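One structure below.
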Amino acid sequence: MSLLKNLTEQPQPLKSPLSTILALPKDHQDKLDYRPDEFPGARDIPTPYGSIRTYEFGAETGPKVLLVHGISTTCQSLSHIAHSLARTGYRVLLFDLFGRGFSDSPPDLPHDARLYVSQILLVLASSSIFSKGEKMRVVGYSMGGGIAVNFCATFPNLVESCVLLAPAGFVERASYGTAKNVMLGSALVPEWAVQKLARGTLVKGLKPKEDKVGGKGKELDGEGEEEDVSLLEKLLAGEPGIGLGEAEVGYQKVAVGDQSLAARSHRYKAWMTDHHPGFLPAYLSCCRVGPISDQDDAYRQLGKTGVPTGFVFAKKDDKIFERYYFEKALPLLQGEDNKPFWKVVGGDHHFVMTHPSEVVAAIFEFWKQVQSSR
């Protein structure tokens, strides 16, 4: 009887640490690197897959933008970009992927493109603004780029344009090497051993260098360059949006305490390995079947839809190289006769956190190009 129950009983979602954190005194919550009130407009969406932490803010009548983060971070990594867009009059929607941040994780499902595209639909359905069926602008970073490609290729009728920030999906799984493929896919390696190795990799990671910007603040950019925040302020002031007065929030120059967004995100990644039971399983499932490799078909289908697509790469990124644009994106999407937009900005793979001014400028440039071509 117990065997039959085990075979038919649906596994419960692996809960995020949100309920535990909310029970802490407010002063303790404020010391966390990623807080429940990180963004305005927070809500938790109950779904059959578990709860999804979502944030929606900015001008209610502004152009709609959906942001999708990467494999080992939370949506906090897109904080500078989200606040910048909201300040300029856009309506912003972002969320924690399953198994990250304050979102639960379904333990019995592969964390592949199908799951995450379904998650996006659940997030959109929870919004009275984004569920109206009007087209939105989609921005995806790293693995979030791979997710965005699959979403836009499947639902082009919902998408006005797609911006891919160092997007995943171009690399072939076979190129991982024998050792990594055996570790991820062999039944000979117990899951506890794989998780232990993954934990060590994530905790150690590629921690960006610390570089003082001024006063108590520090900016971590991976290459010792200072982020020009004043440039972003000037850029936002000149962007012809709906109007700054209608935006609900402003761009945050300085993160909590004396640490930059990149440093906080890195520390929180290590924190999740110990405090979010769904994080490591979700991360490893993405490494095995997620949209981080072998996504040629999805990119090809995106090209066929005609959805305007822009690429932004970082010149010192050692994970997603700018040459992928020429080697993969061009032949897969449209080709030499009708090139997708592309731009190279400063920074390494953390560039969405360390060089937001250049990223936002590239996004605005692409959107203006799309508008002018109509």
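Residues 1 to 374 (UniProt numbering) are what the sequence shown spells out, left to right.
In this text, a Cβ means the ideal position worked out from N, Cα and C, and glycines have one as well.
All of these numbers come straight from a predicted model, not from anything done at the bench.
In this structure, ILE81 keeps its C-beta atom at 8 Å or more from the C-beta atom of VAL344. Within the region 289-353, complete alpha helix (DSSP H) segments of at least 4 residues are found at 296-305, 330-333, given in chain order. The beta carbon of GLN295 sits closer than 8 Å to the beta carbons of ALA113, GLY146, VAL149, ASN150, ALA168, GLY169, PHE170 from its chain, once the five residues preceding and following it are set aside; these are given in chain order. Secondary structure of LYS135 (DSSP, three-state): coil.
Under the DSSP assignment, GLY144 falls in the alpha helix (DSSP H) whose first and last residues are 143-154.
Taking a contact to require three or more Cβ pairs closer than 8 Å, the region 55-66 and the region 29-37 do not qualify as touching. C-alpha of MET136 to C-alpha of LEU158: approximately 6 Å in a straight line. Note that the C-beta distance between SER126 and ILE45 is below 8 Å.
Looking only at ALA153, GLY101, ARG300, the smallest Cα-Cα distance to ARG53 is reached by GLY101. For TYR55, DSSP records a beta bridge to ALA42, LEU94.
One alpha carbon belongs to ASP318, the other to ALA166, and they sit about 11 Å apart. Secondary structure of LYS368 (DSSP, three-state): helix. Proximity to ASP348 across LYS339, LEU280, GLU322 peaks at GLU322, based on C-alpha coordinates. Counting C-beta pairs closer than 8 Å gives fewer than three between the region 8-20 and the region 61-79, which falls short of the contact rule. Between LEU93 and the set LEU333, VAL139, ASP108, PRO331, the nearest pair of CA atoms involves VAL139.
Looking at the DSSP output, CYS162 bridges to VAL138, THR309. Setting aside the 5 residues that flank it on each side, GLN369 is surrounded in the same chain by PHE341, each with a C-beta closer than 7 Å to its C-beta; the list follows chain order. Per DSSP, LYS15 is not a residue of any alpha helix (DSSP H), being assigned neither H nor E. By the 16-neighbour rule on beta-carbons within 10 angstroms, GLN76 is buried. The C-beta separation of PHE311 from TYR299 comes to about 11 Å, leaving the pair out of contact by the 8 Å criterion. The shortest CA-to-CA distance from VAL307 to any of HIS350, CYS286, TRP367, HIS276 is the one to TRP367. Per DSSP, reduced to three states, the secondary structure at LEU67 is strand. Looking only at LYS316, ARG267, GLN119, the smallest Cα-Cα distance to PHE351 is reached by LYS316. For ASP37, no alpha helix (DSSP H) encloses it, and the DSSP letter there is neither H nor E. In the assembly as shown, SER373 is an exposed residue. Its beta-carbon has fewer than 16 other beta-carbons within 10 Å.
With contacts defined as CB atoms closer than 8 Å, GLY50 and SER128 fail to qualify as a contacting pair. Considering only GLN12, PRO13, ARG35, ARG43, the residue with the shortest C-alpha distance to ALA23 is ARG35. In the DSSP assignment, SER118 falls within the alpha helix (DSSP H) that extends over 113-125. In the DSSP assignment, SER105 is bridged to LEU14.
Residue THR309 holds the alpha-carbon nearest to the alpha-carbon of CYS162 among PHE98, THR309, LYS328. Per the C-alpha coordinates, the member of GLU365, PRO356, GLY89, VAL117 positioned closest to PHE98 is VAL117. In terms of CA proximity to GLN10, PRO106 leads the group PRO106, ASP297, ARG267, ARG43.
Distance from the CA of GLU38 to the CA of VAL289, rounded to the nearest whole angstrom, comes to 30 Å.
Here DSSP, grouped into helix, strand and coil, assigns ARG100 to coil.
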